[in-house]
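Here is the structure we will look at, set down as C-alpha cells.
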Amino acid sequence: MIIKSIELREIRLPLVHFFETSFGRTTERRIVLARVTDADGAEGWGECVAGEGPFYSDEWTDTAWATLSEFLAPMVLGKEVAKAAHVFALMRPVRGHRMAKATIETACWDLEAKRAGVPLWKQLGGTRPQIACGVSIGIQDTPEMLIEKIRKEVDAGYQRIKIKIKPGWDLEIIERVRKEFPDIRLMGDANSAYKLSDVSLFQQLGRFNLMMLEQPLSHDDIFDHAALQRQINTPVCLDESIRSAEDAAHAIALGSCQIINVKLGRVGGHLEAKRLEQVARDNEIPVWCGGMLEAGIGRAHNIAMSTLAGFTLPGDVSASARYWEEDIIDPPVTVSARGTITPPHSPGIGFAVNLPRIEALTVRKETIK
Ligand code: OSB
Ligand code: MG
15 MIIKSIELRE
25 IRLPLVHFFE
35 TSFGRTTERR
45 IVLARVTDAD
55 GAEGWGECVA
65 GEGPFYSDEW
75 TDTAWATLSE
85 FLAPMVLGKE
95 VAKAAHVFAL
105 MRPVRGHRMA
115 KATIETACWD
125 LEAKRAGVPL
135 WKQLGGTRPQ
145 IACGVSIGIQ
155 DTPEMLIEKI
165 RKEVDAGYQR
175 IKIKIKPGWD
185 LEIIERVRKE
195 FPDIRLMGDA
205 NSAYKLSDVS
215 LFQQLGRFNL
225 MMLEQPLSHD
235 DIFDHAALQR
245 QINTPVCLDE
255 SIRSAEDAAH
265 AIALGSCQII
275 NVKLGRVGGH
285 LEAKRLEQVA
295 RDNEIPVWCG
305 GMLEAGIGRA
315 HNIAMSTLAG
325 FTLPGDVSAS
335 ARYWEEDIID
345 PPVTVSARGT
355 ITPPHSPGIG
365 FAVNLPRIEA
375 LTVRKETIK
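With my numbering as the guide, the letters of the sequence shown map in order to residues 15 to 383.
Dropping the structure here:
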C-alpha cells in the first residue's frame, strides 16, 4: 500500500463520570483521531491515547497533534509500505512520542486488515474467540461511593476490579473493599504515587490477597521496583515504566515485575505490542490490556490486541457505556454477563466508524497529503 493522505481530527468527548487517578481528574477527553487513506482508496482509523496534560506520560493531546502533523505524517506519506508491520520503522527518526506514532501505526493495521478482508485480530495473529474484561475504578469522593461503584461492576459480571490508589486513599480503602467483597479478584493501581521508602505500606497490603499492585513507584523506574518486589508478596505489575519489548525484557531480567500491562499507545502500536507479548510469553510473564479512557476506535484496537495468546488476564477493556453517552463506533462495545467481549468478525477493527457523530464532535481537522 502507498499512504496517500492522513486526516487528523481532534474531537471533544465528555465522560459520563469523571475519572480520577493519583495524578488528577479527567471530565472531558480531547482525542486525536487519524484516518489513513491509501492510493487505492482503502482507509484505516487510529486513535491517539495521549491525555489532556503531560501527567500519565510526557505526551498529551497538543504534542501528539503537532508531532503527527509536522513530523510523523510526512515520514509515512507517499512511501510504499509492504506491511503495516513496517510503519513503525518509518517513524524511527522521531524519538519517543510513541502515542503519536501508534495513532498512525494502528490506523495502518486497520487499513491492511480491511484490504485483506479479515478482522484485525486475526491479522495480528490473535487466537482468542473471547476476551476477559475487568474495570478500572477511579478515586471517588467517598469510600461509600467506591463500594457502590464496585458493586455495580461486580453485578454486571466484570471479572476483575482495579481501584486507583494514592497516599491517603490506600490501606484503609482496600481493607474496607476487601471486607465488603472478600472473594473478588481485586488489584490497586498507584500510577507512580509512592517511593521505595513506602515499602512497609505495601507489605501491609499483602494481607488482602491482591492480584497485583500496578506501577507503585516512579514512572520511569525499573530498579527500585525490583527492590520492592523482593520485599513484598503481592505481584508487581508495570504500566508506565514499560515503553517497549526491550524495556519488558530488562524489567523481567531484573525481577521488577511479575505481570505487565500492555497499552498500544505507550509502546508505539501493534507491532511493538506483539513483540512485547512475545517476550513476556517466552518468560512466562502474563500480560493484560490496559486502558486509557479510549473512545470506540481505540477500544476496538484494544479488543483486537487482547486476542493474542499471552493476554491471559482480564484487561481494562470495558463497555462503551461506562464512558460515553454515545460512542463514535457502531455498534458500541458491549460486555456479556460473564465479563467477556467477543471480537468482531467484520474486516479491520470490525466496528463501523460513525462519521456524522465524529463530524459533530470535531473541533479541528487537518489533512496531510
Ligand atoms: O494507569 O491504567 C492507567 C486511565 C488513564 C490513564 C492511566 C490509566 C487509566 C486507567 C483507565 O486505569 C483504564 C480505562 O478504563 O480505560
Ligand atoms: Mg496504570
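Even for Gly, the Cβ is constructed at its ideal location relative to N, Cα and C.
Because the structure is a prediction, the values reported are computed rather than measured.
Just to confirm my understanding: we take residue i, look at its own chain, exclude 5 residues before and 5 after, and list those with CB closer than 6 Å. What are they?
i: methionine 15; result: Asp52 and Val95
i: glycine 140; result: Thr321 and Leu322
i: asparagine 399; result: The first residue shown for the chain is 15 and the last is 383, placing residue 399 beyond what the model contains.
i: leucine 47; result: Arg23 and Glu61
i: glutamate 194; result: Ile161
i: histidine 233; result: Ser206 and Glu254
i: lysine 163; result: Ile151
i: alanine 240; result: Leu268, Gly269 and Ser270
Would the beta-carbon of residue i be found less than 8 Å away from any heavy atom of ligand 1?
i: aspartate 253; result: yes
i: phenylalanine 33; result: yes
i: valine 149; result: yes
i: glycine 310; result: no
i: serine 334; result: no
i: aspartate 203; result: yes
i: threonine 40; result: yes
i: aspartate 330; result: yes
i: tyrosine 208; result: no
i: glycine 65; result: yes
i: lysine 93; result: no
i: leucine 307; result: yes
i: lysine 178; result: yes
Out of the options, point me to the one whose CA is closest to residue i's CA.
i: glycine 152; options: Ile145, Phe32 and Ile266; result: Phe32
i: alanine 374; options: Gly310, Cys122 and Arg23; result: Arg23
i: threonine 356; options: Arg336, Trp338, Arg313 and Glu260; result: Arg313
i: histidine 359; options: Asp76, Leu200 and Gly131; result: Gly131
i: histidine 111; options: Arg129, Pro68, Val149 and Thr35; result: Pro68
i: isoleucine 299; options: Val276, Ile311, His315 and Gly305; result: Val276
i: isoleucine 342; options: Gly310, Val63, Lys176 and Gln229; result: Gly310
i: methionine 113; options: Arg142, Ile363, Leu278 and Leu307; result: Leu278
i: isoleucine 382; options: Ala64, Ala240 and Pro88; result: Pro88
i: glutamine 218; options: Leu104, Ile266 and Ile188; result: Ile188
i: glutamate 21; options: Ser36, Leu86, Lys209 and Ala267; result: Leu86
i: serine 150; options: Arg165, Glu162, Ser71 and Arg174; result: Arg174
i: valine 63; options: Asp76, Ala56 and Ile273; result: Asp76
i: histidine 284; options: Phe237, Ser270, Arg257 and Trp74; result: Arg257
i: valine 349; options: Leu210, Glu167 and Asp261; result: Glu167
i: arginine 49; options: Met201, Ala121 and Asp72; result: Ala121
i: phenylalanine 216; options: Glu308, Lys180 and Ile273; result: Lys180
i: proline 157; options: Ala262, Met226 and Asp184; result: Asp184
i: serine 36; options: Glu73, Gly182 and Trp79; result: Gly182
i: arginine 221; options: Arg244, Glu228, Pro196 and Phe237; result: Pro196
i: tyrosine 70; options: Leu82, Arg129 and Arg280; result: Arg280
i: arginine 129; options: Ala56, Lys97, Thr248 and Ala259; result: Ala56
Tell me, which residues are paired with residue i by DSSP?
i: alanine 146; result: Thr354
i: serine 19; result: Thr51
i: leucine 27; result: Arg43
i: aspartate 203; result: Lys178 and Glu228
i: isoleucine 151; result: Ile177
i: leucine 268; result: DSSP output for leucine 268 lists no bridge partner at all.
i: valine 421; result: Residue 421 cannot be examined here, being either before or after the span of the chain that is shown, 15 to 383.
i: valine 95; result: In the DSSP output, where bridge partners are listed per residue, valine 95 has none listed.
i: phenylalanine 325; result: Val301
i: valine 276; result: Cys303
i: lysine 379; result: Arg23
i: phenylalanine 33; result: Thr40
i: tryptophan 338; result: Paired residue(s): none; tryptophan 338 is not in a bridge.
i: valine 133; result: The question names valine, yet the displayed sequence has proline at residue 133. DSSP output for proline 133 lists Gly362 as bridge partner(s).
Please confirm whether any heavy atom of ligand 2 lies closer than 8 Å to the CB of residue i.
i: glycine 282; result: no
i: glutamate 228; result: yes
i: aspartate 155; result: no
i: glycine 304; result: yes
i: asparagine 275; result: yes
Identify, in the order they occur along the chain, each residue of the same chain with its Cβ nearer than 8 Å to the Cβ of residue i, setting aside the five sequence neighbours on each side.
i: glutamate 34; result: Thr40, Gly152, Ile153, Gln154 and Lys178
i: glutamate 339; result: Pro28 and Val30
i: glycine 329; result: Ile145, Ala146, Cys147, Gly148, Trp302, Cys303, Gly304, Gly305, Asn316 and Ser320
i: lysine 93; result: Ile16, Ile17 and Leu104
Excluding five sequence neighbours on each side, which residues of the same chain lie with their C-beta closer than 7 Å to the C-beta of residue i?
i: threonine 354; result: Gln144, Ile145, Ala146 and Cys147
i: isoleucine 363; result: Trp59, Asp124, Leu134, Ile311, Ala314, His315 and Ala318
i: glycine 282; result: Phe102, Arg112, Lys115, Ala116 and Glu119
i: asparagine 297; result: Ile266
i: alanine 99; result: Leu285
i: glutamate 308; result: Glu61, Val63 and Asn316
Return yes when at least one heavy atom of ligand 3 lies under 8 Å from the C-beta of residue i, else no.
i: tyrosine 172; result: Summarising the ligand content, the structure contains ligand 1 and ligand 2 and does not contain ligand 3.
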